[in-house]
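Residue numbers 0 to 323, in numbering that gives the first Met the number 0, belong to the letters of the sequence shown in order. Working notes, beginning with the structure itself.
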Amino acid sequence: MKGVEEICGWKYYGICFVGGMLSSGATHLAITPLDVLKVNMQVYPNKYNNGIVSGLSTIWKQQGSYALWRGWSGKLCGYGIQGGFKYALYEYFKNLYADHLLLHSTRNSIFFLSGLSAQILADLTLAPFEAVKIRLQIQPNFAKGLSDGFPLVYRNEGLPGFYRGLIPLWSRNLPFSMVMFSSFEHSVDLIYKNIVHKRKEDCSTPQQLGVTCFAAYTAGALATVISNPADNVMTSLYKKKAESAMQAIKNIGFINLFTRSLPIRIALLGPVITLQWFLYDTIKVLSGLFIRLDSIDPLLARDFRIFENSSTIEGMEVTTMTPQ
0 MKGVEEICGW KYYGICFVGG MLSSGATHLA ITPLDVLKVN MQVYPNKYNN GIVSGLSTIW
60 KQQGSYALWR GWSGKLCGYG IQGGFKYALY EYFKNLYADH LLLHSTRNSI FFLSGLSAQI
120 LADLTLAPFE AVKIRLQIQP NFAKGLSDGF PLVYRNEGLP GFYRGLIPLW SRNLPFSMVM
180 FSSFEHSVDL IYKNIVHKRK EDCSTPQQLG VTCFAAYTAG ALATVISNPA DNVMTSLYKK
240 KAESAMQAIK NIGFINLFTR SLPIRIALLG PVITLQWFLY DTIKVLSGLF IRLDSIDPLL
300 ARDFRIFENS STIEGMEVTT MTPQ
């Protein structure tokens, strides 16, 4: 077995935060035009119902090219900060739960709980940015950007205005993250065992990043389907087309909850999640972090107690760093 250095302290989580922030912020910024179209398709389904190309063309002709980038600052800052917390907290909770709950839990429950815990906290930082971003995208005269959008929301609606869509945001993002992280972990295991036929630490860096991309796209597509109903409800609430989630569901219709804007969301989030994981893992590799045993199997990590102290496993020195 090759040597593996395990860094499980503030340095490691700090690098995870930076990696998550840069990968999430950059990818969400890049798909701003598609996000603008997605939101408008949800709010004005009769106007934007002829496909992605037609929808983008309509916005360009009627509102100008800048309209396609409306809300870009909210996506860059909001999803950057949220992404940093989400990925770092996921790693933290996965290590925590693997060390304390694994004897009574399955690997799948560890992944679900870690994704759930991380997303709950990360969305508290995203909600204010999302509130301003959606208003910018569907109300052309609302504000120019975050700098005047934040004061305007606060002046008109107070602090609750920033968290008006928090419950629908959780309803969308919690199942998304739980499915995304879990399916990603299982897809990685499946690819290494049945396609690559090598252990992760025995593969080259390009091979590892290739596996990351395949697993990430699968995870992103599955999570998008699961979270689509809540995404439609959240947009309806921000537009004030409904006063409650139940009223929004009634207005949209049961079938439309699952189908409205689904193709564009898959087109958006499949590549986004793929690029996020690719950039995230690349940043960790460039930072000098080695492959972590608990990414392969938390059972292995607990059995060898790599989170608690330094030990030797079949001639392999495993070193840990704990927060000071």
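Ideal placement from N, C-alpha and C gives every residue a C-beta, glycine not left out.
| Check | Outcome |
| --- | --- |
| Sufficient close CB pairs (3 or more, under 8 Å) joining the region 241 to 255 to the region 150 to 163 | no |
| Short Cβ contact (8 Å threshold) for Leu-135 with Phe-141 | yes |
| Ser-276: first and last residue of the uninterrupted alpha helix (DSSP H) it sits in | The question names Ser, but residue 276 in the sequence shown is Trp. Where Trp-276 is concerned, the enclosing alpha helix (DSSP H) stretches over 261 to 285. |
| First through last residue of the alpha helix (DSSP H) which encompasses Ala-87 | 71 to 99 |
| Phe-84 versus Tyr-191: straight-line alpha-carbon distance, rounded | 28 Å |
| Coil, strand or helix - His-185 by DSSP | helix |
| Euclidean distance between Cα positions of Arg-291 and Ala-215 | Legend: pLDDT at Arg-291 = 46, less than 50; position of this residue unreliable, no value from coordinates given. |
| Whether Ser-182 touches Leu-221 by CB criterion (8 Å) | yes |
| Reduced DSSP category for Tyr-11 - H, G, I as helix; E, B as strand; rest coil | helix |
| Length of the line joining the Cα atoms of Ser-203 and Val-284 | 11 Å |
| CB contact flag (Trp-276, Thr-211, <8 Å) | yes |
| Which of helix, strand or coil DSSP assigns to Glu-200 | helix |
| Collapsed DSSP secondary structure at Ser-243 in the structure displayed | coil |
| Outcome for Leu-33 when other beta-carbon atoms lying within 10 angstroms are tallied against a minimum of 16 | buried |
| Three-way DSSP call (helix, strand, coil) for Gly-18 in this model | helix |
| Nearest-angstrom Cα separation, counted from Gly-24 out to Cys-76 | 7 Å |
| DSSP state of Gln-207 mapped onto helix, strand, coil | helix |
| Cβ pair Leu-236, Pro-167 closer than 8 Å | yes |
| Inter-residue Cα distance where the pair is Leu-268 and Gly-19 | 16 Å |
| Chain-order list of residues whose beta-carbon lies under 7 Å from that of Arg-171 (same chain, five-residue window excluded) | Ser-226, Ala-229, Asp-230, Met-233 |
| Own chain residues within Cβ distance below 7 Å of Phe-175, not counting five before or after | Ala-222, Ile-225, Ser-226 |
| Three-state secondary structure assigned by DSSP to Pro-139 | coil |
| For Ile-137 and Lys-46, the rounded distance between their alpha carbons | 13 Å |
| Top-ranked residue by Cα proximity to Ile-109, from His-185, Pro-205, Thr-26 | His-185 |
| Reduced DSSP category for Thr-105 - H, G, I as helix; E, B as strand; rest coil | coil |
| Check whether Arg-259 and Ile-251 have beta carbons under 8 Å apart | yes |
| Host alpha helix (DSSP H) of Ser-53 (start-end) | 51 to 62 |
| Straight-line gap, Asn-193 to Glu-156 (C-alpha atoms, nearest Å) | 54 Å |
| Asn-45, DSSP secondary structure in three states | coil |
| Helix, strand or coil at Ile-30 according to DSSP, with G and I counted as helix | coil |
| Which listed residue (Gly-73, Gly-79, Asp-147, Ile-133) has its alpha carbon closest to that of Arg-163 | Ile-133 |
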